[in-house]
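There are 4 protein chains.
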Amino acid sequence: MIIVLKKDVTQEQVQHIIGKVESVGLTVHVSQGVERTIIGAIGEEEILRSLPLDALPGVEKVMPILKPYKLVSREFKPDNTVIKFANNTEIGNKKIAIVAGPCAVESRDSLLKIARLVKEAGANFLRGGAFKPRTSPYTFQGLGEEGLKYLAQARQETGMMIVTELMDPRDLDLICAYADIIQIGARNMQNFKLLTEVGKQKKPVLLKRGLSSTIKELLMSAEYIMAQGNYNVILCERGIRTFEDFTRNTLDISAVPVIKSLSHLPIVIDPSHAAGKWALVPALSKAAIAAGADGLLIEVHDNPENALSDGAQSLLPEKFKALLQDLAKIAQAVGREI
Amino acid sequence: MIIVLKKDVTQEQVQHIIGKVESVGLTVHVSQGVERTIIGAIGEEEILRSLPLDALPGVEKVMPILKPYKLVSREFKPDNTVIKFANNTEIGNKKIAIVAGPCAVESRDSLLKIARLVKEAGANFLRGGAFKPRTSPYTFQGLGEEGLKYLAQARQETGMMIVTELMDPRDLDLICAYADIIQIGARNMQNFKLLTEVGKQKKPVLLKRGLSSTIKELLMSAEYIMAQGNYNVILCERGIRTFEDFTRNTLDISAVPVIKSLSHLPIVIDPSHAAGKWALVPALSKAAIAAGADGLLIEVHDNPENALSDGAQSLLPEKFKALLQDLAKIAQAVGREI
Amino acid sequence: MIIVLKKDVTQEQVQHIIGKVESVGLTVHVSQGVERTIIGAIGEEEILRSLPLDALPGVEKVMPILKPYKLVSREFKPDNTVIKFANNTEIGNKKIAIVAGPCAVESRDSLLKIARLVKEAGANFLRGGAFKPRTSPYTFQGLGEEGLKYLAQARQETGMMIVTELMDPRDLDLICAYADIIQIGARNMQNFKLLTEVGKQKKPVLLKRGLSSTIKELLMSAEYIMAQGNYNVILCERGIRTFEDFTRNTLDISAVPVIKSLSHLPIVIDPSHAAGKWALVPALSKAAIAAGADGLLIEVHDNPENALSDGAQSLLPEKFKALLQDLAKIAQAVGREI
Amino acid sequence: MIIVLKKDVTQEQVQHIIGKVESVGLTVHVSQGVERTIIGAIGEEEILRSLPLDALPGVEKVMPILKPYKLVSREFKPDNTVIKFANNTEIGNKKIAIVAGPCAVESRDSLLKIARLVKEAGANFLRGGAFKPRTSPYTFQGLGEEGLKYLAQARQETGMMIVTELMDPRDLDLICAYADIIQIGARNMQNFKLLTEVGKQKKPVLLKRGLSSTIKELLMSAEYIMAQGNYNVILCERGIRTFEDFTRNTLDISAVPVIKSLSHLPIVIDPSHAAGKWALVPALSKAAIAAGADGLLIEVHDNPENALSDGAQSLLPEKFKALLQDLAKIAQAVGREI
């Protein structure tokens, strides 16, 4: 930690700051420049992070040297994390993971139909929400456990692995009993109770970036999960909130190379939620693969006009199939495969 | 709902769209302009909101006529909502509510000391967190029920009403047993499960605006609570996330007059979390009162350097006292009182 | 234009609003709903845009039906605009335009060296700034006309077309005398004087999106140029300002498919300025081509450590060459070529 | 400057970085920590800013110690800058500057009428634009020099000082001949040519913060002007661009105390452009004064419905008059006067 002092700092204040740093077991190195005095705090930086050093009299600013996460960092583990699943699929390896399905599980028939179609098109993971508390209290809220059962049936029939969201810590056991990957939604990226719970169990976690969260904060939330013992975390970029309002959110495509450089964890892209419009999904999916993403989450519905949620951003199965064919070419161009 | 059609819309598409709108019980009015055909959908607009109309072939855009909330709106209830408390204080009336206290309850002694000091300075509500899951998994996480008990003791001793945050639906009964106002934090503004739970009980709810939530979304979340039967909702602006990084967040002071015009609910300001720096709290507090806010949430700590969380943004008790004296003058200037 | 009236609008106010709309030559259609009265204004919407209709008593909101631009829209001209250059290159057709070079022209030797290298690697346009007023008043400000002369020499030697920025209307003739494409920088996207000037001359214009401009505003600025008679406008996405601070700006990759759907104009991507870090440029370039961009602007410098500006985001020539080889494969995968 | 090295930095890279820093005349201090090696560069930090140090192999990040501006900083000049005008008014002293008038000068009669009304209400500066290039190429573009003449007549008649915007460097002499304060608009905050020009002349400059500019960048632009010799700079906060769309921009009220702490320059607020709606102007004006602003820019029009620009955000003269009476009370409450 580097502590930059104010120009008019007093000798007493300097001593007080030094004392503070030393009191938690770090050593200090004071450097008197022409314009500023600087204190370098040497030792476990983590300890200093929770001290309000920038509130001490005489302190101008405090600059951490290290990143605020360890387990997620590529320094800690240089090789890519590859997560393996029962059906021999992997996430984080050469083959790109295609997670597809409806926003919400709406009925047994509808889910199984979509599952067959996306499987046939080339998807290897099935997504679908069983709990869907929505922005308006007056709309469809999900089928609950019934929905989870349909997902399990779809897995049995198609062999696809199941991705579904956990929103309430009370549903943890239920979700764990059915899902292959537990999704933590964007709104819960900093729900630390939920992160702790999923960190204590074994199923892989797909962690979506919050709408107003930086990449650093996403990595810190992944660290939160890993610190509990669960190292199987998949990061997901799904658009951030900006002033641009033509798209629902702004897909931060740079997150792919940035995360690849900072972390060993797999990173997937959700173009459907980012764009909010199905017509933009193909271009964003192509961009994601070209940029190096390890997978895609794509909403597919056989009857978007009657979808109970997010119809406007769902691809028709035939469009999804055509897209996967296009994506296969791009995957090959970047040394990957679909 | 106004549905603007594409220039090259076909007659078939028009019929399909009309059929869709009529199928949910609304009537249509088609208007052929020079540049565009427009369909007006007349009837319960709420029903149409969940239909993916903008995904129908031939639709260019869909423009709702009504606001997506009712109970929170000033049209629905022209008079200001005033919430009354056991200690004869009110929120939403002439007297401005001053909620003060530490970020987290750290110990019995520390809490009681701060409580006495802020009471003496003029606060009528005491804030303090008992559950503090934090950004880093390695820092202080709150005292839990013990913290709630200390808050209750502080209430008994000082007569101040207690504001504390609910983060986990499993803690609802516990929090309800101790708190006078249940706070829903910024990160949970769209945690619809939590909103439903606090909507079903009777204690007033202080609902903080999410970091990346619009005012409209804040009002929709309040609607969510009210739709369950709890009409005692207090809105709180605490800064939004922007590109400006000198302050932790950007206090959206305009939210005060905007919410006053759209809604009858009280609106309070949290300058401490918005700024992230105690030195900015006085100016922002003054601005809030001048703009018409019904209250303030201010972090106060008698020993910020040793605070276990948010020390950098906590005012010293003597600074808080001086601030309240300044605020009293501004309150009077705008026809209110502290 | 649809004018939604307030619930409590008076008959007098309705008449006043109708009179206002009719006074500028439009006809009105009043529609009395259960919740709201709506006035549809039929005729030239453009005329109404400059009236402060939303300030009239009784008006709740005003919703335009048409887009605020015409000439740039795909409706107006369904086919892609293709801009042709002296050296038989085109922008907007199958072959992707590669614009490369240093941020600023620094010396004759350096420019010619870089020009040869990027030409050899596959670039067909050379970029370089001659006027470089910078954020700090104390740094290199560009070579001025001397720099333009070196660019012309590089064109003569390599056959590449020249792209350089106009910042001051007083430099228009000078820039026109040397450049093949006149760049309008992000900070000048809404410098309407400059837009008017470049609209009145014949050279193609490369218009960069402002850091805080929406896609709609970018298209309106292009309309501004086209309205003066110059139809050869190339749009450029170069990152927008968001809360994310790991990258200098956030590349809005969605702008590519969005602009392709709204407009016939070519759209190119500048990954160097968006990222601010050379290591991210390859991934973003690949994403851009995969998403359908018509070209790339890439900063290349043979000695980035000594570059007088933007060294941190400049690719070394050998990295640039390797990138173009990778891009060629992706271009082919999406039916284009480099 | 602190240079943090990568964990796996080689000895060669360290030597190369040291050489680079020493080559520009600074000395280095290398500090070997447990996790990282750090290089402190001691000497004129400004020189290092233009080097792409973060692009050097082995560098993880570069952290400047000093602020990137000097002349504007409160360290450089502890006392508030007070700017004095011919009519005995001042900006930056106890009395708050009220700048009022129409967005654009529309006609002689209209301007003089508004001028008399705002003067009578208590304004001491008259604002009005003579050059108004607008977002749409099809709307009113200002009266040019004729408008400046009307402003001069209004000054002669009312004694108010004139504030008007410079947009084109070619208009500098013309504007200087009429204006008492030269306004640099938000879109030109980083138009460095324009900053240089107004820095070289003597008239006070009112510098508006760009829509997507940080406070630091605003101060750097002010530094740009002052570096040319003109120390009479007035800063203006007028709203920044965020995701919130109920208001046109988000007024960053925190900018007032932040700028007061960092700089000695006066800071004024423009609530009209920030809000975009006249009904919000009173609350924002009150907040501004309470927060410590040195002045307000308020759009006033006697006939907003027929205003040629920005009618929706213009106050009626009688509302402006009532507002000033309210503001006088708040000014008094914070030890200022109107």
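Listed in order, the protein sequences are those of chains A, B, C and D. If you use the numbering used here, the first sequence corresponds to residues 266 to 603, in order. If you use the numbering used here, the second sequence corresponds to residues 266 to 603, in order. If you use the numbering used here, the third sequence corresponds to residues 266 to 603, in order. If you use the numbering used here, the fourth sequence corresponds to residues 266 to 603, in order. Glycine residues also receive a C-beta, built at the ideal position from the N, C-alpha and C atoms.
The contact set of A:Ala320 on chain B, defined by CB atoms closer than 7 Å, consists of Trp543, Pro569, Glu570, Gly576, Ala577 in chain order. Below 8 Å, too few C-beta pairs join the region 266-276 of chain C and the region 360-380 of chain B to call them touching: fewer than three.
Residue-level contact check: D:Met491 does not touch chain A, since none of the beta carbons of chain A fall below 8 Å from its beta carbon.
For A:Asn568 and B:Gly450, the gap between their C-alpha atoms comes out near 37 Å. C:Gly560 sits in a strand when the DSSP states are folded into three classes.
Contact with chain C is absent for B:His538, since none of that chain's Cβ atoms lies less than 8 Å from the residue's Cβ. Judged by DSSP in its simplified three-state form, A:Phe585 adopts helix. Close to chain C, meaning a Cβ-Cβ distance shorter than 8 Å, are the following residues of the region 466-487 of chain A: Ser477, Thr479, Ile480, Lys481.
For B:Met485 and C:Asn345, the gap between their C-alpha atoms comes out near 42 Å. By the Cβ criterion, the region 430-444 of chain B is in contact with the region 430-447 of chain A, since at least three pairs of Cβ atoms, one from each stretch, lie closer than 8 Å. Counted as a single uninterrupted DSSP element, the alpha helix (DSSP H) harbouring D:Lys525 occupies residues 520-527. Residues of the region 451-465 of chain D whose Cβ lies closer than 9 Å to any Cβ of chain C, in chain order: Arg452, Asn453, Met454, Gln455, Asn456, Phe457, Lys458, Leu459, Leu460, Thr461, Gly464. Taking the CA atoms as reference points, C:Asn352 sits about 13 Å from C:Ala444. For A:Ile330, the secondary structure class from DSSP, reduced to helix, strand or coil, is coil.
For D:His529, not one C-beta of chain A is nearer than 8 Å to its own C-beta.
The straight-line gap separating the alpha-carbon atoms of D:Leu376 and D:Gly387 is approximately 16 Å.
Within the region 498-517 of chain B, contact with chain C at the beta-carbon level (separation under 8 Å) is assigned to Arg506, Thr507, Phe508, Asp510. Residue state for D:Asp273 is assigned as coil, using DSSP reduced to three classes.
Measuring C-alpha to C-alpha distances from D:Lys586 to each of D:Cys441, D:Ser528, D:Arg381 identifies D:Arg381 as the nearest. In the structure shown, the three-state DSSP call for D:Val498 is strand.
Beta bridge pairing from DSSP links D:Lys473 with D:Cys501. Straight-line spacing of the CA atoms in A:Thr479 and B:Ser579 works out to 25 Å. With a minimum length of 4 residues, the unbroken runs of alpha helix (DSSP H) contained wholly in the region 275-316 of chain C fall at 276-288, 310-314. C-alpha of A:Leu313 to C-alpha of D:Ala540: approximately 41 Å in a straight line. Considered as a whole, the region 414-473 of chain A harbours 426-430, 446-449, 470-473 as its complete beta strand (DSSP E) runs of no fewer than 3 residues, in chain order. Under the Cβ distance rule, D:Leu549 counts among the residues neighbouring chain B, one pair being separated by less than 8 Å.
Within the region 346-412 of chain D, complete alpha helix (DSSP H) segments of at least 4 residues are found at 373-386, given in chain order. Interface with chain A (8 Å Cβ-Cβ cutoff): B:Pro329 is excluded.
For the 8 Å CB-CB criterion, C:Met454 and C:Lys467 do not form a contact. With a 10 Å radius around the Cβ and a threshold of 16 neighbouring Cβ atoms, A:Lys384 comes out buried. In the three-state reduction of the DSSP assignment, C:Glu570 falls in the helix class. At a cut-off of 8 Å between C-beta atoms, C:Ile312 does not count as an interface residue with respect to chain B. In this structure, the straight-line span from the alpha carbon of B:Tyr489 to that of B:Thr507 is close to 26 Å. Counted as a single uninterrupted DSSP element, the alpha helix (DSSP H) harbouring B:Ile490 occupies residues 480-491. A straight-line Cα-Cα distance of about 34 Å links B:Val523 and D:Thr354.
Listed by position along chain D, the residues whose Cβ is nearer than 9 Å to that of B:Gly560 form an empty set, because the closest Cβ is around 15 Å away.
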